[in-house]
Amino acid sequence: MTIINKDKVKQVPTKPGVYFFKNEGGEIIYIGKAKHLRNRVKSYFQNSKHQSAKNISMIKRIADIEWIVVGSEVEALLTEANLIKKHQPHYNINLRDDKSFPYIRITKEPYPRVFITREIIRDGSKYFGPYTDVRHLRRSLKAVHSIFPVRSCDYLINKKSINDKKVSLCLDYHIKKCQGPCEGMVDEIDYNKMIKQVIQFLQGRTKETELYIKNQMDNASSIMRFEDAGIYRDQLHAIKKFKEQQRKVAADFEDRDVFSLAKDEDYGIAVIVRIRNGRITSREKISLRNIDESDEVMMETILTRFYLESDFIPKEISLPATPKNKDQLTNWLKQKRGGAIKLQIPQKGERAKEVRLAFQNAKLLLGEWLINRKKRMELVPKMISQLQDDLHMKVPPRKIEAFDISHLGGTNTVASLVCFVDGKPRKSLYRKFKVKTVDGIDDFASMR
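Structure follows, in structure tokens:
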């Protein structure tokens, strides 16, 4: 047993929930979930022969246990994902991109705006993403603005602002990039019809968007509004050009996400291929660290965290391995989607080919990362080389740790650790400690 008191483990409830392991400094080092909290927590402190190297290292550092009781396993799954995202504990699988997933947001306004954001605000706005490939995200948004005359300003535009003439027409209106809602040049109903087409376009439903715009073009031509018909014609050309960049992979036109995973020691790359209407609309990438876990656990983590803030979940999700707690995960995704969902591990046919395609992408990205890591390891920053020369060291001091001791007249002693790697602060390795083994004022003893 570690420094945890056995009575503390006995206090853990027998209900479903989420548990926290903390170190001596009160820092959360691991967050987990369980159907039966006490049994799960007890399992860490039993036979160490069955524990992974990561768990053995973690158990030595556990100084306290806390927990949250929830109503169901699905709620535990969701609570765990939210708390891991918030606290980023050291021993949990670390999704490096998790804190900064960007989205395309369509605001809930009389005349909605469309823009990139990294913050989810639950005010009725629609979000598309998460996107991990920022270049693809910007390409998609650029396509939206080139096809649809969506306003690009940040003003609040409503009937009052139009009547009060608070906002004037800008250059976008004069070059046909905006319909001029700021001065009431387009009514709210027509503008929001266009926004519905933007939503369909971002969902990958370009066929429906093309049909709508073609009907608009034909209607404009029939009443001899040839300038409007020309605008619709240009929109159709822009959509077709955008579609040419998307690879056709299936003839069934079903929406699905395809996941795969490639890993090397403690690092991995997860790839998500989004297929909409039979075409690959995007390829997302998630970088993972601290992956001393089974593929089943990793797939559960990736799926939960990826769909946590997603407004759109397809009916089908193809995976390379069965995720842990598949039933609870399926129920949560079903509730979030508001309809049936299928988690499948295809072994043959087109679906299996798609998983292999995603795996090939993951392997290529992982290989690229490993090559870049090797280059980074071989490249010593100039300041570090200079420090090596000044201190007459045999090897460059690429990792530097500095401790400081503080106390109140010899009592309540605490220590802090800061860490620099290649001359840059590595805040994920910062630590604080409560020193309980030294009496009085003795900085040297406190640092042992």
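Numbering-wise (my numbering), the sequence shown opens with residue 21 and increments by one.
Quick reminder that beta carbons are idealized off the backbone N, C-alpha and C, glycines included.
Exercise. Once you ignore the five residues that flank glutamate 421 on each side, which residues in its own chain have a CB closer than 7 Å to its CB?
Worked result: As a first step, residue 421 is located in the sequence shown; it is residue number 401 there, counting from the start. If you ignore the 5 residues before and after glutamate 421, its C-beta comes within less than 7 Å of the C-beta of Leu437, Cys439, all in its own chain and listed in chain order.
For this session: Evaluate tyrosine 111 with the Cβ neighbour count: other Cβ atoms within 10 Å of its Cβ, from every protein chain shown; 16 or more gives buried, anything less gives exposed.
Result: For this step, residue 111 is matched to residue 91 along the sequence shown. Buried, by the Cβ-count rule.
Exercise. Do glutamate 44 and alanine 83 have their C-beta atoms within less than 7 Å of each other?
Worked result: Walking along the sequence shown from the start, residue 44 turns up at place 24. Walking along the sequence shown from the start, residue 83 turns up at place 63. Yes.
For this session: Rounded to whole angstroms, what's the CA-CA distance from aspartate 286 to phenylalanine 221? Just pull it up for me.
Result: Taking the first residue of the sequence shown as position 1, residue 286 is located at position 266. Taking the first residue of the sequence shown as position 1, residue 221 is located at position 201. Rounded to the nearest angstrom, the two C-alpha atoms are 38 Å apart.
Problem set entry | Rounded C-alpha distance that separates asparagine 345 from glutamate 320 | As a working note, residue 345 is residue 325 in the sequence shown. As a working note, residue 320 is residue 300 in the sequence shown. Between asparagine 345 and glutamate 320, the C-alpha separation is close to 7 Å.
Exercise. Under a three-way DSSP split, which group does alanine 54 fall into?
Worked result: Here residue 54 is taken as the residue at index 34 of the sequence shown, counted from 1. DSSP, reduced to helix, strand and coil, places alanine 54 within a strand of the structure shown.
Problem set entry | phenylalanine 379 in three-state terms, based on DSSP | Taking the sequence shown and counting its residues from 1, one reaches residue 379 at position 359. In the structure shown, phenylalanine 379 sits in a helix (DSSP, three-state: H, G or I).
For this session: If I'm right that glutamine 408 touches phenylalanine 332 with Cβ under 8 Å, what's the distance once you round it to whole angstroms?
Result: Looking up residue 408 in the sequence shown gives position 388. Looking up residue 332 in the sequence shown gives position 312. Distance from glutamine 408 to phenylalanine 332 at the Cβ level is roughly 52 Å; contact not present, criterion being Cβ atoms closer than 8 Å.
Exercise. Buried or exposed: where does lysine 53 fall if 16 or more other Cβ atoms within 10 Å of its Cβ makes it buried?
Worked result: The sequence position of residue 53 within the sequence shown is 33, counting from 1. With 16 or more Cβ atoms within 10 Å of its Cβ, lysine 53 is classed as buried.
Exercise. Does the beta-carbon of aspartate 469 have 16 or more other beta-carbons within 10 angstroms, so that it is buried, or is it exposed?
Worked result: The structure shown does not extend to residue 469, since the chain is modelled only from 21 to 468, so the question has no answer here.
Exercise. Helix, strand or coil: which one does DSSP assign to phenylalanine 246?
Worked result: The residue you call residue 246 lines up with position 226 of the sequence shown. Helix at phenylalanine 246.
For this session: Return the first residue and the last residue of the alpha helix (DSSP H) that glutamine 364 is part of.
Result: Here residue 364 corresponds to residue number 344 of the sequence shown, with the count starting at 1. No alpha helix (DSSP H) holds glutamine 364; the beta strand (DSSP E) holding it covers 362–364.
For this session: Compute the beta-carbon to beta-carbon distance between valine 218 and valine 134, rounded to the nearest angstrom, for a pair I have assumed lies under 8 Å.
Result: One-based indexing of the sequence shown puts residue 218 at position 198. One-based indexing of the sequence shown puts residue 134 at position 114. Their Cβ separation, rounded to whole angstroms, is 6 Å, which keeps valine 218 and valine 134 in contact under 8 Å.
Exercise. Is the distance from the Cβ of glutamate 203 to the Cβ of leucine 191 below 7 Å?
Worked result: In the sequence shown, the residue the question calls residue 203 occupies position 183. In the sequence shown, the residue the question calls residue 191 occupies position 171. Cβ atoms of glutamate 203 and leucine 191: not closer than 7 Å.
Exercise. So, glutamate 228 versus isoleucine 259, is the Cβ gap smaller than 7 Å?
Worked result: On the sequence shown, position 208 is the one that residue 228 refers to. On the sequence shown, position 239 is the one that residue 259 refers to. It is not a contact, given that the beta carbons lie outside the stated cut-off.
For this session: Measure the alpha-carbon distance for aspartate 118 versus valine 90 and round it to whole angstroms.
Result: Mapped onto the sequence shown, residue 118 falls at position 98. Mapped onto the sequence shown, residue 90 falls at position 70. Interpretation of aspartate 118 is limited by its pLDDT of 49, a score under 50 that renders its predicted location unreliable; the figure taken from the coordinates is listed afterwards. Distance between the alpha carbons of aspartate 118 and valine 90 is about 24 Å.
Problem set entry | Pairwise C-alpha distance: proline 169 and asparagine 212 | In the sequence shown, counting from the first residue as 1, residue 212 sits at position 192. In the sequence shown, counting from the first residue as 1, residue 169 sits at position 149. Rounded to whole angstroms, asparagine 212 to proline 169 spans 12 Å at the Cα level.
For this session: State the Cα-Cα distance for the pair serine 338 and glutamate 304, rounded to the nearest angstrom.
Result: For the purposes of this step, residue 338 is taken as the residue at position 318 of the sequence shown. For the purposes of this step, residue 304 is taken as the residue at position 284 of the sequence shown. The alpha-carbon atoms of serine 338 and glutamate 304 are separated by roughly 14 Å.
For this session: Please classify methionine 471: is it buried, with 16 or more other beta-carbons within 10 angstroms of its beta-carbon, or exposed?
Result: With the chain covering only 21 through 468, there is no way to say anything about residue 471.
For this session: Determine the burial state of glycine 429: buried for a count of at least 16 other Cβ atoms within 10 Å of its Cβ, exposed for fewer.
Result: Taking the first residue of the sequence shown as 1, we reach residue 429 at position 409. So glycine 429 counts as exposed.
For this session: Please report the residue range of the alpha helix (DSSP H) in which valine 187 lies.
Result: Here the question's residue 187 lines up with position 167 in the sequence shown. Counting along the chain, valine 187 falls outside any alpha helix (DSSP H), and DSSP gives it neither H nor E.
Exercise. Counting along the chain, where does the alpha helix (DSSP H) carrying asparagine 75 start and finish?
Worked result: Counting from one through the sequence shown, the residue named residue 75 turns up at place 55. Asparagine 75 -> alpha helix (DSSP H) spans 73–79.
Exercise. When the distance is taken between beta carbons, is glutamate 208 closer than 7 Å to alanine 130?
Worked result: Indexing the sequence shown from 1 puts residue 130 at position 110. Indexing the sequence shown from 1 puts residue 208 at position 188. At residue 130 the sequence reads proline, which differs from the alanine that was named. Yes. Within cutoff.
For this session: Identify every run of the beta strand (DSSP E) within the segment 257–313, keeping only runs that are complete inside it and at least 3 residues long; order them along the chain.
Result: 276–284, 287–296, 299–309
Exercise. Ends of the alpha helix (DSSP H) at serine 160?
Worked result: What you label residue 160 is simply residue 140 of the sequence shown in a count that begins at 1. From DSSP, the alpha helix (DSSP H) with serine 160 extends over 154–167.
For this session: Can you check the segment 365–440 for any alpha helix (DSSP H) of at least 4 residues that lies completely inside it and give the ranges in chain order?
Result: 369–398, 402–410
Exercise. By DSSP, does aspartate 143 sit in helix, in strand, or in coil?
Worked result: What you label residue 143 is simply residue 123 of the sequence shown in a count that begins at 1. In this structure, aspartate 143 counts as coil in the three-state DSSP scheme.
Exercise. Can you tell me the Cα-Cα spacing of aspartate 277 and threonine 431, whole angstroms?
Worked result: As a first step, residue 277 must be located in the sequence shown, where it is residue number 257. As a first step, residue 431 must be located in the sequence shown, where it is residue number 411. So the two alpha carbons sit approximately 57 Å from each other.
Exercise. Looking at C-beta atoms only, is the number of pairs between the segment 314–329 and the segment 348–356 that lie closer than 8 Å three or more?
Worked result: Yes, they touch.
Exercise. In whole angstroms, what is the alpha-carbon distance linking lysine 74 and asparagine 381?
Worked result: Taking the sequence shown and counting its residues from 1, the one referred to as residue 74 is at position 54. Taking the sequence shown and counting its residues from 1, the one referred to as residue 381 is at position 361. Roughly 28 Å between the two C-alpha positions.
Exercise. Taking just the CA atoms, how far does histidine 156 sit from leucine 386?
Worked result: In the sequence shown, residue 386 corresponds to position 366, counting from 1. In the sequence shown, residue 156 corresponds to position 136, counting from 1. Looking at the two C-alpha atoms, the distance is approximately 19 Å.
For this session: Taking only the alpha-carbon atoms, compute the straight-line gap between glutamine 367 and tyrosine 64 and give it to the nearest angstrom.
Result: Taking the sequence shown and counting its residues from 1, one reaches residue 367 at position 347. Taking the sequence shown and counting its residues from 1, one reaches residue 64 at position 44. Cα to Cα, glutamine 367 sits roughly 35 Å from tyrosine 64.
Problem set entry | Host beta strand (DSSP E) of arginine 357 (start-end) | Indexing the sequence shown from 1 puts residue 357 at position 337. Segment 346–357 is the alpha helix (DSSP H) holding arginine 357; no beta strand (DSSP E) there.
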